[in-house]
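Enquirer:
Number of protein chains: 2
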Amino acid sequence: MRNTRATQLVSDVLRTYARPLSLQELHEHVQERLPRVAHSTVYRVVGRLEAAGRVRRVDWRERGSRYEWAELPHHHHIVCSLCGRSVDLDDADLGFSEERVRAATGFLVDHHSIELEGICPDCQRS
Amino acid sequence: MRNTRATQLVSDVLRTYARPLSLQELHEHVQERLPRVAHSTVYRVVGRLEAAGRVRRVDWRERGSRYEWAELPHHHHIVCSLCGRSVDLDDADLGFSEERVRAATGFLVDHHSIELEGICPDCQRS
DNA sequence: CGGACTACTGCAAGTTACTTGCAGTTATGC
DNA sequence: GCATAACTGCAAGTAACTTGCAGTAGTCCG
């Protein structure tokens, strides 16, 4: 995999924002620094980065496919349905383990996604 | 909401199959009993049923939106990434509880969605 | 019943996001 | 440098989803 300007920019953007970005958002941020980059280039670059394990793909209900820098530790989010604030959660916080699923179903888990919505402590008080 | 032939058929199919079906699959099954039903009709019918709370929408990574009968008890699915077979899981199987999230974050959870993908026992053998 | 009202439907076309073909460009290894 | 094959921009192609429209058919009165 060649070290091209597009690859550098896509990687930089994902590292900088440290959250899942849509292809659209990625493209816009990349274009701020190199306007002639095409949508299809960003598309193929994230595809390559994902195949190389440097980027992780995250699918958000309603929000379509998104991509995040794979070095960020695996985690989930709970979003406050009133104020929109979000808090990170890891599997341990949720009591989740792939072993447990394996014991219950026999499936070998290779991907999971957990989305939570609720009311944050601040909003509960008011 | 009127009780039309299309609505009845879509409801019947979802009740009968008791698993998440894509728009495509729904359309095919409905057409077996009433061939002139259009894709767009099925699309609008599930939309209406969802708005009425009679159908629940489930989003599967890679596989797009699916719909299932909402009276089925709350559960999640693990889908085999090779053969597409799915198995139901409830929160207890996953060790999940909203209480646990509350303890970790202070959030009062009012909605959660969990999607799993892996290799089923059969496909692991081959 | 029967007619009026309007939700619902089929068809076809529109939209959107994603994907690919192609010819020109540019990293990379020698 | 130079060859070569990966990469790129552009434009066009898919596929799934969504909508406009004119006709159809549930439902609600009377």
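From first to last, the protein sequence lines are chains W and G.
FYI, the numbering for the first sequence is -11 to 114, going by the working numbering.
FYI, the numbering for the second sequence is -11 to 114, going by the working numbering.
Where is the CB? At the ideal position from N, CA and C, for every residue including glycine.
In chain order, what residues of the same chain lie with their CB nearer than 7 Å to the CB of Leu60 of chain G, ignoring the 5 residues before and after it?
Expert: Along the second sequence, one-based indexing puts residue 60 of chain G at 72. These residues qualify, in order along the chain: Ala6.
Enquirer: Would you be able to state if there are at least three C-beta pairs under 8 Å between the stretch 92 to 107 of chain W and the stretch 1 to 15 of chain G?
Expert: No, because fewer than three Cβ pairs between the stretch 1 to 15 of chain G and the stretch 92 to 107 of chain W fall closer than 8 Å, the two stretches do not touch.
Enquirer: Whose CA, out of W:Val43, W:His64 and W:His62, lies closest to the CA of Tyr55 of chain W?
Expert: Position 67 of the first sequence holds residue 55 of chain W. The residue among W:Val43, W:His64 and W:His62 with its C-alpha nearest the C-alpha of Tyr55 of chain W is W:Val43.
Enquirer: Which term fits Ser74 of chain G, buried or exposed, when burial requires 16 or more other beta carbons within 10 angstroms of its beta carbon?
Expert: For the purposes of this step, residue 74 of chain G is taken as the residue at position 86 of the second sequence. Its Cβ being crowded by 16 or more others within 10 Å, Ser74 of chain G is buried.
Enquirer: Using a Cβ-Cβ distance under 7 Å, would Val75 of chain W count as near chain G?
Expert: Taking the first sequence and counting its residues from 1, one reaches residue 75 of chain W at position 87. With 7 Å as the cut-off, Val75 of chain W counts as an interface residue toward chain G.
Enquirer: Closer than 8 Å by C-beta to Val18 of chain W: which residues in its own chain qualify, once you throw out the five before and the five after it? Chain order, please.
Expert: Here residue 18 of chain W refers to the residue found at position 30 when the first sequence is read from its first residue. Closer than 8 Å at Cβ, skipping near neighbours: Ala(-6), Leu(-3), Val(-2), Val1, Val25 and Val30.
Enquirer: Quick one, which residues of the stretch 51 to 82 of chain G are near chain W if we go by CB-CB under 8 Å, in chain order?
Expert: Ile66, Cys68, Ser69, Val75, Leu77, Asp81 and Leu82
Enquirer: On the criterion of 16 or more Cβ atoms from any shown chain inside 10 Å, does Gly106 of chain W qualify as buried, or is it exposed?
Expert: As a position in the first sequence, residue 106 of chain W is number 118, starting the count at 1. With 16 or more Cβ atoms within 10 Å of its Cβ, Gly106 of chain W is classed as buried.
Enquirer: In the DSSP output, what is Glu16 of chain G paired with across the bridge?
Expert: Locating residue 16 of chain G in the second sequence gives position 28, where the first residue counts as 1. Beta-bridge pairing links Glu16 of chain G to no other residue.
Enquirer: Taking His63 of chain W and Asp78 of chain W to be in contact with their CB atoms under 8 Å, please state how far apart those CB atoms are, rounded to whole angstroms.
Expert: Mapped onto the first sequence, residue 63 of chain W falls at position 75. Mapped onto the first sequence, residue 78 of chain W falls at position 90. About 5 Å separates the two Cβ atoms, so the contact holds.
Enquirer: Between which two residues does the alpha helix (DSSP H) holding Cys111 of chain W run?
Expert: Here the question's residue 111 of chain W lines up with position 123 in the first sequence. Looking at the DSSP string, the run of the alpha helix (DSSP H) that includes Cys111 of chain W is Pro109 to Arg113.
Enquirer: Looking at chain G, is there any beta carbon in it that lies within less than 7 Å of the beta carbon of Pro109 of chain W?
Expert: Counting from 1 along the first sequence, the entry for residue 109 of chain W is found at position 121. Yes, contact with chain G.
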